[in-house]
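**Q**
Residue numbers (my numbering): 6 to 285.
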C-alpha cells in the first residue's frame, strides 16, 4: 500500500508547484514557464542518479525514451499554456479525465485491466473532476471546454498524459526511477530550452525557482516509485486528485471565482480514491 501515500504526495506536490508557477511565472510565456519549472528540479533529481543501477536493456530504454519524449514535450507545453490561460479552478479539473483514457492505453500497452470496483473508483474521480468545473448544467459545463482555452487544452493534455504515463511505466519496468528520472527530465529541459535561445533568456528569481523545483522533484520521484507498485490507471486516478488541491489553492490564495460551488465534487473524488485503494 506504499503506492497510495506516494501518489497522494505526488498530487499535492504537483498542485503546489502549479500554484507557485501561476503566482510567480504568469508574466512568462508558456514555453518559459515549462522550461523553468523543470530546470529548477534538476539539482534535486541528479543526486539520486548516483544510487541508480543501469537498465537491464539499454537499447529498449532509449527506444522507450524516443517514443515518450515528443509527446511529453507537447503535453508539458500545453499544460503550462493551460494554467496560464484560464483560472486553475476551471482548467485543472479536466485533467481528471486521464485515468479514464488510461483504461484503454493501459490495457493495450501494459495489459492492465482494472477490476469492476477499480473502474467504479476511476469513474467517480473523473465525475468529481468534471463537477469541479460545473457551470449549472451538463451542456453548460461541456461548453466550458470550448469557451475556456485553458479547459480545452487540458482535455488534450489529459489524453497525452494517458499515453506518457503508461509508456513511462513500461520504460521504468526495464530501468529504475533514479536512472530514468534525471535523464528524462534533463532531456525535457534541453528541448524546451533550445527555442528560448533565439532571444535573451529571462531568468526569474532563483530562490522562487528552487522552491518550485523542490515540489516538482518530489512530485516526479513519488510518481515514478508509486506507479511501479500498482496498476498505472489506479495510481494516476489518485494523483489526479491534484485538481482538488489546485482548486483549493485557486480559491483560497488566488481568489478565483466559483470556489465554493466546486467543493462538493471533492467528496466524489475522495470516495473514488477509497474504492480504488480498498477494493480495486
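Cβ coordinates follow ideal geometry from the N, Cα and C atoms, glycine included.
1. Reducing DSSP to helix, strand and coil, say where residue 179 ends up.
2. Taking the CB atoms as reference points, tell me whether residue 7 and residue 174 lie closer together than 8 Å.
3. Using CA coordinates, which residue listed in 115, 46, 18 and 87 is at the minimum distance from residue 157?
4. Start and end of the alpha helix (DSSP H) containing residue 219?
5. Pairing CB atoms from the stretch 67-86 with CB atoms from the stretch 124-136, are three or more of them under 8 Å?
6. Compute the Euclidean distance between the alpha carbons of residue 170 and residue 110, then round it to the nearest angstrom.
7. What does the alpha-carbon distance come out to for the pair residue 177 and residue 65?
8. How would you label residue 122, buried or exposed, when you count the other beta carbons within 10 angstroms and need 16 or more for buried?
9. Contact check, residue 220 vs residue 54 under 8 Å by CB: the rounded distance?
10. Whole-angstrom Cβ separation of residue 247 and residue 57, contact assumed at under 8 Å?
11. What three-state label does DSSP hand residue 131 in the structure shown?
**A** If we stick to the structure as given:
1. In the structure shown, residue 179 sits in coil (DSSP, three-state: anything other than H, G, I, E or B).
2. no
3. 87
4. 211-232
5. Touching, no, given that fewer than three Cβ pairs across the two stretches are closer than 8 Å.
6. One Cα belongs to residue 170, the other to residue 110, and the distance between them is close to 9 Å.
7. 11 Å
8. Classification for residue 122: exposed.
9. Not quite, the Cβ-Cβ distance comes to about 20 Å (not below 8 Å), so this is no contact.
10. Incorrect: roughly 26 Å between the Cβ atoms, too far for contact.
11. helix
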